[in-house]
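So the protein lines, in turn, are chains A and B.
In terms of the working numbering, the numbers along the first sequence are unbroken and rise by one, the last being 321.
In terms of the working numbering, the numbers along the second sequence are unbroken and rise by one, the last being 1437.
Down below is the structure, laid out as structure tokens.
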Amino acid sequence: MFIMENNKMIKKKQPGTLFSRLAPTNGMNRQKRTEIFYGYLFLSPNVLAVFVFMVIPIIYSLYLSLTQWDLITDPRFIGLDNFAHMFQDSRFLMSMKNTFLFSLYTIPTGIIISLFFALLLNQAIKGVNLYQAIVFMPVIVSMVAVAMVWRWIFNTEVGLLNLALDFFGISPVGWISTEKWALVSVAIVAVWKSVGFNMVILLAGLKGVPGHLYEAARIDGAGTLSKLFKITLPLLTPSLFFVTIMSILGSFQVFDAVFMLTSGGPGNSTNVIYYWIYRNAFHFFNMGYAAALSWIVFGILFTLTLLQFKLFGKNVNYELD
Amino acid sequence: MNKKVKFGFFLLLTIALVFVAACSDNNTGGTEEQVEIRYAFWGIPEEVEVQEKIVEAFEAEHPHIKVQLDHISAAGEFGASILTQIAGGNAPDVFYAGEVQIDPYVQRDVLLDLMPYAEEDGIDFDAFFQPTLQAVGVEDGHMWAMPKDNTPVMMYYNKNMFDHAGLDYPEPGWTFADFENAAKALTISGDNGRTKQYGYSGDLGWVAMYPFIFKNNGDVMDDDGNFTMNSPEVIESLEFMKGLMDKGYAPTPEGMADMDVGPLDLFNSERAAMVPGGRWMAFFVKPLVEEMGSEWGVVPYPTNAPDAPTSLHFVSLVAPHNTEHPKEVWEFLKFYGYSKEAQKLNGSTGLGIPVLKEVTEEGEWLVEGEPEEHIDIYYNEFLTAKELPVNADWALLVDDIQWGYLDQYFRGSISIEEAVQNIDKDANAEIERLRNR
């Protein structure tokens, strides 16, 4: 098993088989064994659901990626043809470009904004819980419902944003109607929707920073910025690391915002990879190709996450020495 | 048993019962003869009402057949939903299929061939509009679908606006030049330099675009299914459409996106004088009549060649070939498409025209206040209407490739030559690739 030693994870060998390691029962009385049995019993529906709805479909989709399947006839094995076709598919390459651009727009902005809110709302002032709830609300609201409101906000002629711009004398912007701005607009909605979630994670991380460190710093005469950069951020790195990885994963998987706001347009400017996968699966009778595309996305995300661990993992401070 | 084990046992039992209830079969069917079929369709609430009435009338005549209505609301995502159900082995017994959806299903052996049943019952195929019947495969000896309603694509116009501009109402046989002149005369600028009223507003997708091509004697594909966009007639039509926008008689794509409305909304708020569409417009332009107090008229598309066709659209009912109740399904389909009662009920909303010539001639399907001249105007267009060049991979070839380039052309990013040449090249390459897979 893995344990922490000297700030690094190392592997330690344990005696026994896998099963006895999962449920070590030697030397335990009957009651303990019964408890363990019930533990697994109550876990089993969840495990079953994860298996049926996640593990098995994932394995099946790997098989599908090697087939040609139109959802009606049986899947036909074609080997790696889907993967070969991918690189000649101009719309695939374009959707990857759009997705990367989208990630570029959303990840830094999202993290900075949620960090801002986390720092701001980490005070024991009156009503802070209400403010936190307000910032968190977009996370739980249904995208399908808010998309209608956002379409109105983004409307070029009567939308709120352009009305505000008009107030400052700036000419109206075609937020979701022009190719230049459509992806930015979808990014705005995506960031708005996820800031609350990241804020909650960072807030929890902030609470883990011992207060006496700030006291000591204050005594030593440190200013706010110093405290932020020398104490808060270094000790916040585990949460920041988590939030970054989740943001990367999330930004690659954006679909509902695109589907509701722009349907991939105008002119393919918001055709992100998941939207392209959806079109192939359900509109072009091409489920095998869609499955192959999904696995490529998995490969990319896996690589990115691995890179993150390798490059930044050692800078993450898990424990206070 | 101790408390914990009892509790655990009952918990498991409850979960198991819930599972059984969720997975149980809905078909409780009492006697051997009682049959239940599931009928999936799309539509707005008025459509749902009509379906309920038709099912009621059908069940009155066939007491041993029960039709379970399954309303899947959005027409746009209906195909994907049905596909998922078919893939899951849970296809409905009867479902809607638009004209472009039949071929994809036929190519993949999804549908039940109704021809044996039709022949057994002695269906008179001449009672239907021929183009519609041909589109369901009758020429090749198959009947893959029962048409339920059909429509030629026409031009709808605001009579009051024509009166204000001092123009005569358009007549069948009017030319592209006549159309452009009318659009010009009907375009009015507002005080702030923006257009207050457009002469024409139409979607740039294939529904409104193909008639412009067909009426110029052009063709989107040849008989083998290869794209032929790169031809003088097609280029002329597309340039004509773009010209209307460039000259300001019709809003540009950016303009439409800015307003975030469709041509129908412009028409109903009296900001556009002419809009294209199928018969369903008769239903959807009600706000123009009820709220604006104006009158609308219908006329065929402008044409550059005598007897040039417009596109024919229709919705049909199809059944999967592995339905458990083919005889009962046939009875329902026959009732819907072949009985005057059902056809009259179906046409009453103004969403579609009956598929039986006789019912169409009687004209009961006209909406309230609609002049009788419309019967002939629609009828004559039916006789020459052209089947859409359907293709098993319509979504990929038309919605994705063709639309991708034309969208860029209409936005002014690429030239017409680039657009049509690339469409032909890419689409035909895909057709080749799909043929060989």
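Cβ coordinates follow ideal geometry from the N, Cα and C atoms, glycine included.
A:PHE37 and A:SER114 have their C-alpha atoms spaced approximately 42 Å apart.
Contiguous beta strand (DSSP E) elements confined to the region 1127 to 1201 of chain B occur at 1146 to 1152, 1154 to 1158 and 1195 to 1200, taking only those with 3 or more residues. Within the region 69 to 137 of chain A, no complete beta strand (DSSP E) segment of 3 residues or longer occurs. Contact annotation: B:PHE1078 and B:TYR1105 have beta-carbon atoms that are not nearer than 8 Å.
For B:LYS1066, the enclosing beta strand (DSSP E) has its first and last residue at 1065 to 1071. Taking 7 Å as the upper bound on Cβ-Cβ separation, chain B lies near no residue of the region 231 to 250 of chain A.
By the criterion of at least three beta-carbon pairs nearer than 8 Å, the region 135 to 144 of chain A is not in contact with the region 218 to 225 of chain A. By the neighbour-count criterion, in which a residue is buried when 16 or more other Cβ atoms sit within 10 angstroms of its Cβ, B:MET1161 is buried. DSSP places B:MET1274 inside the beta strand (DSSP E), whose first and last residues are 1272 to 1277. For A:THR73, the closest Cβ of chain B is nearer than 8 Å.
Close CB contacts of A:ALA281 within its chain, under the 6 Å cut and outside five residues either way in sequence, are with MET287 and ALA290 (chain order).
In this structure, the alpha-carbon of A:SER65 lies about 41 Å from that of B:LYS1066. Membership of B:GLU1387 in any alpha helix (DSSP H) is not indicated, and neither H nor E is assigned to it by DSSP. One finds PHE285 in chain A with Cβ atoms closer than 8 Å to the Cβ of B:PRO1104, taken in chain order.
The beta carbons of B:PRO1276 and B:ALA1208 sit about 4 Å from each other, so the pair counts as a contact at 8 Å. Collapsing the DSSP output to three states places B:PHE1314 in a strand.
Non-local beta-carbon contacts of B:ASP1407 in its own chain, meaning distances under 6 Å to residues more than five positions away in sequence, are absent.
Considered as a whole, the region 1233 to 1302 of chain B harbours 1253 to 1259, 1263 to 1268, 1281 to 1284 and 1286 to 1290 as its complete alpha helix (DSSP H) runs of no fewer than 4 residues, in chain order. Counting of Cβ neighbours within 10 angstroms places B:PHE1129 among the buried residues, the total reaching 16 or more. Rounded to the nearest angstrom, the Cβ distance from B:ALA1392 to B:GLN1107 is 4 Å, consistent with a contact under 8 Å. Under the DSSP definition of a beta bridge, B:VAL1220 lacks any partner.
Contact annotation: the region 226 to 241 of chain A does not touch the region 161 to 181 of chain A, with fewer than three C-beta pairs closer than 8 Å. At a cut-off of 8 Å between beta carbons, B:ILE1353 makes no contact with chain A. Residues of chain A with a Cβ closer than 8 Å to the Cβ of B:ILE1015 are, in chain order, PRO45. An exposed status is given to B:THR1014, since fewer than 16 other beta-carbon atoms sit within 10 Å of its beta-carbon. Here the C-alpha atom of B:ALA1183 lies approximately 7 Å from the C-alpha atom of B:TYR1198.
With contacts defined as CB atoms closer than 8 Å, A:ASN82 and A:ALA292 qualify as a contacting pair.
Taking the CA atoms as reference points, B:MET1146 sits about 15 Å from B:GLU1120. Membership of B:VAL1094 in any alpha helix (DSSP H) is not indicated; the residue belongs instead to the beta strand (DSSP E) covering 1094 to 1098.
For B:ALA1075, the CB contacts under 6 Å within the same chain, skipping 5 residues up- and downstream, are TRP1042 in chain order.
B:ILE1044 sits in coil when the DSSP states are folded into three classes, being neither helix nor strand. Of all residues in the region 1252 to 1271 of chain B, only GLU1254, ALA1257, ASP1258, MET1259 and ASP1260 place a beta-carbon less than 7 Å from a beta-carbon of chain A.
Taking the Cα positions, B:ASP1376 is about 25 Å away from B:GLY1218. Per DSSP, the continuous alpha helix (DSSP H) segment holding A:ARG151 begins and ends at 143 to 154.
Segment contact: the region 1344 to 1351 of chain B against the region 1046 to 1065 of chain B, three or more CB-CB distances shorter than 8 Å; contact assigned. Nearest neighbour of A:ARG151 by Cα position, chosen from B:TYR1169, B:ALA1257 and B:ASP1103, turns out to be B:ALA1257.
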